[in-house]
Amino acid sequence: MFERGLAYRKHSTVNWCPSRQTVLANEQVVEGACWRCTTTIATRDLEQWFLLPRPRQAGRFCDRWVHPIAQE
Ligand SMILES: [Zn+2]
716 MFERGLAYRK HSTVNWCPSR QTVLANEQVV EGACWRCTTT IATRDLEQWF
766 LLPRPRQAGR FCDRWVHPIA QE
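Numbering (my numbering), first residue to last: 716 to 787.
This is the structure in structure tokens:
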């Protein structure tokens, strides 16, 4: 699946809604609180695979990342 050199693993910090137990995108955080339940958000460290986006694939990469967490 991964061509050599095109993917790497990295820890990243994400926004976390403790109430809904879900990851929030930056757009879903309003003034430090969850946009839906207004709970103050926490942060979590996640280890995940990143694909090194080539210029033409940058948009697709972003969609893949944003889509699953936008289904809150
Ligand atoms: Zn929430």
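Don't be surprised by glycine CBs; every beta carbon is placed ideally from N, CA and C. Note that the structure is predicted; figures quoted are calculated from it, not measured.
- A distance below 6 Å between beta-carbons, with the five flanking residues on each side excluded, links Ser727 to the following residues of its chain, in chain order: Leu761.
- Exclusion of the five residues before and after Tyr723 leaves Trp764, Phe765, Leu767 as the residues of its chain whose Cβ lies within less than 8 Å of its Cβ.
- A direct Cα-to-Cα measurement between Ser734 and Ala748 gives close to 11 Å.
- Per DSSP, Gln763 is one residue of the beta strand (DSSP E) stretching across 757 to 766.
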